[in-house]
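With the working numbering, letter number 205 in the sequence shown gets 1541, and the count goes up by one each step, no holes.
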Amino acid sequence: MAKNSKWQDEYWLLLMQLYLQKPTGIKPMYSKAMVDLSLELHIAPQQLFNKMCQIANLETPRIEHIWEVYGQNPRKLKRAVNLLREMWGFNNALEFYEGVETIESFEKEFKPIADDTTLTPMMLVLILDEYFRLTPITMVPETPEVQTLAKMMRLKPQEVVDVMEAFQHCDPYLNRKDEMKGNLVLACQQVWRRFGNSEPQELASYAEQLKDYFEH
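See the structure below:
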């Protein structure tokens, strides 16, 4: 695994391999493959997406050279990528991580909010987007929108409802008096602070992009 969050020349090989995966071309910014590579390299999906656009446009002589060498030879590219990852693994085994590995802020978006759940902040963002489209009385497992969202994220409808209930405790307009504690409501409070008072279009646009993560 790469440990440096700054762009390195060899990263072009991994990104080109992803670009060449069928269907060949620029991959959605938050597709699972793009996010997985982001987490591996500790580089935000937005930056990888921009770099992939450079590959598509062959913007630099360096990219043109890599394309000439590997663009029509996926097996050669695969060997180079495998060797690169083996070198990273060997170096990590020798160094055993000097100091604490840096966790970029974007990475937390895709990490579980607690050890006992698969829920991640990005999933909470998707649920918050749906939350604003429903009324409290429709935030139940039987609601089609809840079921559709749960199916997409491979959750049970009740899990989505539990998150929506936590968001109700964050919503000043509902003024819930009963107290709710735990990791879930704390994570929901963080997401609410980011998007609760922002323009609905901003949240909706981000949520729409995040849906690409589950389409694979």
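Beta carbons: idealized from backbone N, C-alpha and C, even for Gly.
Everything numeric in this text was worked out from a predicted model, so none of it was measured.
Euclidean distance between Cα positions of residue i and residue j
{"i": "C1524", "j": "T1454", "result": "14 Å"}
{"i": "R1411", "j": "I1399", "result": "18 Å"}
{"i": "E1445", "j": "P1457", "result": "5 Å"}
{"i": "V1521", "j": "I1449", "result": "10 Å"}
{"i": "L1373", "j": "W1424", "result": "14 Å"}
{"i": "M1489", "j": "Q1483", "result": "10 Å"}
{"i": "K1363", "j": "P1508", "result": "39 Å"}
{"i": "A1486", "j": "K1492", "result": "6 Å"}
{"i": "G1361", "j": "A1392", "result": "7 Å"}
{"i": "G1407", "j": "Q1383", "result": "21 Å"}
{"i": "V1496", "j": "Y1347", "result": "37 Å"}
{"i": "Y1390", "j": "K1342", "result": "Sequence inspection shows Gln at residue 1390; the Tyr mentioned does not correspond to that position. When rounded, the distance between both Cα atoms is 17 Å."}
{"i": "F1432", "j": "K1387", "result": "Note that F1432 scores a pLDDT of 40, beneath 50, so its modelled location is shaky; the value from the coordinates is reported in the next line. Each residue's alpha carbon lies about 30 Å from the other."}
{"i": "F1385", "j": "Q1357", "result": "15 Å"}
{"i": "T1396", "j": "I1379", "result": "20 Å"}
{"i": "L1377", "j": "M1365", "result": "15 Å"}
{"i": "G1532", "j": "N1409", "result": "48 Å"}
{"i": "G1435", "j": "C1506", "result": "For G1435, the predicted structure reports a pLDDT of 46, less than 50, and the residue's modelled location is therefore unreliable. A value from the coordinates is still provided. Their Cα atoms are separated by approximately 37 Å."}
{"i": "E1501", "j": "K1447", "result": "21 Å"}
{"i": "V1499", "j": "V1405", "result": "49 Å"}
{"i": "E1422", "j": "E1551", "result": "29 Å"}
{"i": "A1540", "j": "P1381", "result": "18 Å"}
{"i": "T1474", "j": "E1544", "result": "22 Å"}
{"i": "P1359", "j": "R1530", "result": "34 Å"}
Option nearest residue i by Cα separation, candidates the options
{"i": "F1442", "options": "E1544, S1541 and M1370", "result": "M1370"}
{"i": "D1345", "options": "P1359, Q1408 and H1401", "result": "H1401"}
{"i": "D1451", "options": "F1531, G1518 and I1463", "result": "G1518"}
{"i": "I1463", "options": "Q1357, W1528, K1447 and V1405", "result": "W1528"}
{"i": "Q1278", "options": "T1474, E1551 and M1459", "result": "This structure leaves residue 1278 out entirely; the chain is present only between 1337 and 1552."}
Presumed contact (8 Å Cβ cut-off) between residue i and residue j, rounded CB distance
{"i": "L1546", "j": "V1461", "result": "6 Å"}
{"i": "Q1504", "j": "P1472", "result": "6 Å"}
{"i": "S1367", "j": "Y1549", "result": "7 Å"}
{"i": "L1413", "j": "W1403", "result": "Their Cβ separation, rounded to whole angstroms, is 10 Å, which puts L1413 and W1403 out of contact at 8 Å."}
Item checked: Segment contact flag, the region 1410-1427 with the region 1339-1358, C-beta cutoff 8 Å, min 3 pairs -> yes
- On the three-pair Cβ rule with 8 Å, is the region 1532-1543 touching the region 1458-1470? yes
- Can you list, in chain order, the stretches of the beta strand (DSSP E) that have 3 or more residues and sit fully within the region 1462-1505? none
Are the region 1475-1494 and the region 1511-1518 touching by the rule of at least three beta carbon pairs closer than 8 Å? no
**Item:** Runs of alpha helix (DSSP H) lying entirely within the region 1382-1429, each at least 4 residues, in chain order
**Value:** For secondary structure counted as the alpha helix (DSSP H) over 4 or more consecutive residues, the region 1382-1429 holds these complete runs in sequence order: 1397-1406.
### Query
Can you list, in chain order, the stretches of the beta strand (DSSP E) that have 3 or more residues and sit fully within the region 1343-1367?
For secondary structure counted as the beta strand (DSSP E) over 3 or more consecutive residues, the region 1343-1367 holds no complete run.
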